[in-house]
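Asks: Using numbering that gives the first Met the number 0, you'd call the opening residue of the sequence shown number 0 and step up by one each time. Cβ coordinates follow ideal geometry from the N, Cα and C atoms, glycine included. Please find one structure pasted underneath; my questions will follow.
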Amino acid sequence: MAVKTIVLVHGAFADGSCWAKVIPLLTRRGLKAVAVQNPLSSLADDVKAAHRVIEMQDGPVLLAGHSWGGAVITEAGNHPQVKGLVYVAAGAPDSGQSFADWWKDYTPAPGAAEIKPYGDGYVALTLEGVRKHFVQDLPTDEADIVYATQGPLAVRCFGDKITKAAWRSKPNWYIVASEDQTIPPSVERDSASRMGAETRLLKSSHVPMLSQPDVVAEFIANAAASL
Numbered sequence: 000m001a002v003k004t005i006v007l008v009h010g011a012f013a014d015g016s017c018w019a020k021v022i023p024l025l026t027r028r029g030l031k032a033v034a035v036q037n038p039l040s041s042l043a044d045d046v047k048a049a050h051r052v053i054e055m056q057d058g059p060v061l062l063a064g065h066s067w068g069g070a071v072i073t074e075a076g077n078h079p080q081v082k083g084l085v086y087v088a089a090g091a092p093d094s095g096q097s098f099a100d101w102w103k104d105y106t107p108a109p110g111a112a113e114i115k116p117y118g119d120g121y122v123a124l125t126l127e128g129v130r131k132h133f134v135q136d137l138p139t140d141e142a143d144i145v146y147a148t149q150g151p152l153a154v155r156c157f158g159d160k161i162t163k164a165a166w167r168s169k170p171n172w173y174i175v176a177s178e179d180q181t182i183p184p185s186v187e188r189d190s191a192s193r194m195g196a197e198t199r200l201l202k203s204s205h206v207p208m209l210s211q212p213d214v215v216a217e218f219i220a221n222a223a224a225s226l
């Protein structure tokens with residue numbers, strides 16, 4: 000039976016509104032879509048937030064995660080209601096790995112230099128970082144909304160380790176953003192290959208759900224229909 004509920008998990012330097020263009024497109028396809036609001040305070044806290052939303056849904060769900068949200072769904076996806084995982088330019092650490100471990104062997108993308116301290120123990124992206132390296136294929140006015148609504152990330156999140164990678168036991172899909180300047184496209188491609196994910200390559204910045212929402216919504220809907 001096809002899954003009819005999509006739970007959307009945002010990443011660092013974002014909030015649930017990053018899915019605002021995708022949600023109505025999924026709804027038009029007869030799917031229920033609900034976005035998690037991650038506290039971004041630790042992997043465990045974000046997983047708890049995802050589980051809270053998952054458990055409020057009737058029946059099975061498909062989890063979709065962007066960026067840091069990929070690490071969250073990798074852990075949260077072990078929940079028995081989760082039937083599959085969609086990664087959108089997202090982290091996909093293995094069991095025992097942290098997000099930092101996941102990409103440590105790759106040359107950092109240009110956006111990494113624009114991640115700056117934001118109070119005690121947190122980091123955020125600069126305005127230039129958002130405009131030039133995070134959402135560079137969006138109009139400036141949209142980019143500035145992303146900047147203004149971003150959720151600062153606790154530094155500890157980079158080191159929190161996955162206990163059991165759900166992608167090892169559940170069907171998974173991956174959108175690789177070829178123009179990503181926040182996460183190196185090479186780590187995305189290599190992860191998708193390692194996972195055996197059904198993969199779609201998009202000529203997109205780090206936020207294809209904002210720059211190419213039609214394609215992302217179709218990809219997610221097709222994944223749900225195949226479960």
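Could you check the C-alpha separation between D44 and I53 for me, to the nearest Å?
Replies: So the two alpha carbons sit approximately 14 Å from each other.
Asks: Identify which residue in V71, V2, Q80, K20 has its Cα closest to the Cα of V35.
Replies: The residue with the shortest Cα to Cα distance from V35 is V71.
Asks: Give the straight-line distance between the Cα atoms of A153 and K31, rounded to the nearest whole angstrom.
Replies: Each residue's Cα considered, the two are about 30 Å apart.
Asks: Using a Cβ-Cβ cutoff of less than 6 Å, which residues in the same chain neighbour C17 once the five nearest sequence positions on both sides are dropped?
Replies: The answer, listed in chain order, is H9.
Asks: Near V21, which residues of its chain fall below 8 Å by C-beta distance, leaving aside the five closest residues on each side in sequence?
Replies: Within the same chain, V21 has close Cβ partners L7, A32, M208, P212, V215, A216, I219.
Asks: Distance, Cα to Cα, V81 vs V145?
Replies: Their Cα atoms are separated by approximately 29 Å.
Asks: Could you check how far apart the C-beta atoms of G76 and K3 are, in whole angstroms? I think they sit under 8 Å.
Replies: Going by Cβ atoms, the distance from G76 to K3 rounds to 18 Å, so no, they are not a contact pair.
Asks: Measuring straight from C-alpha to C-alpha, what distance separates Q149 and R193?
Replies: Cα to Cα, Q149 sits roughly 30 Å from R193.
Asks: Compare the beta carbon distance of S203 and D136 with 9 Å and say whether it is the shorter of the two.
Replies: Cβ atoms of S203 and D136: closer than 9 Å.
Asks: Which residue wins for smallest C-alpha separation from S225, given the options E197, L24, H205?
Replies: The shortest Cα separation from S225 among E197, L24, H205 belongs to E197.
Asks: Who are the Cβ neighbours of P59 in its own chain at under 6 Å, not counting the five residues just before and after it?
Replies: Answer for P59: V2, Q80, K82, listed in chain order.
Asks: Please name the residue or residues paired with T198 in a DSSP beta bridge.
Replies: Answer is Y173, bridged to T198.
Asks: By alpha-carbon positions, which one of L39, I5, V46 ends up nearest to R27?
Replies: Per the Cα distances, I5.
Asks: Within the stretch 47–111, note down every full beta strand (DSSP E) run reaching 3 residues or more, in order along the chain.
Replies: Fully enclosed beta strand (DSSP E) runs of 3 or longer: 60–66, 81–89.
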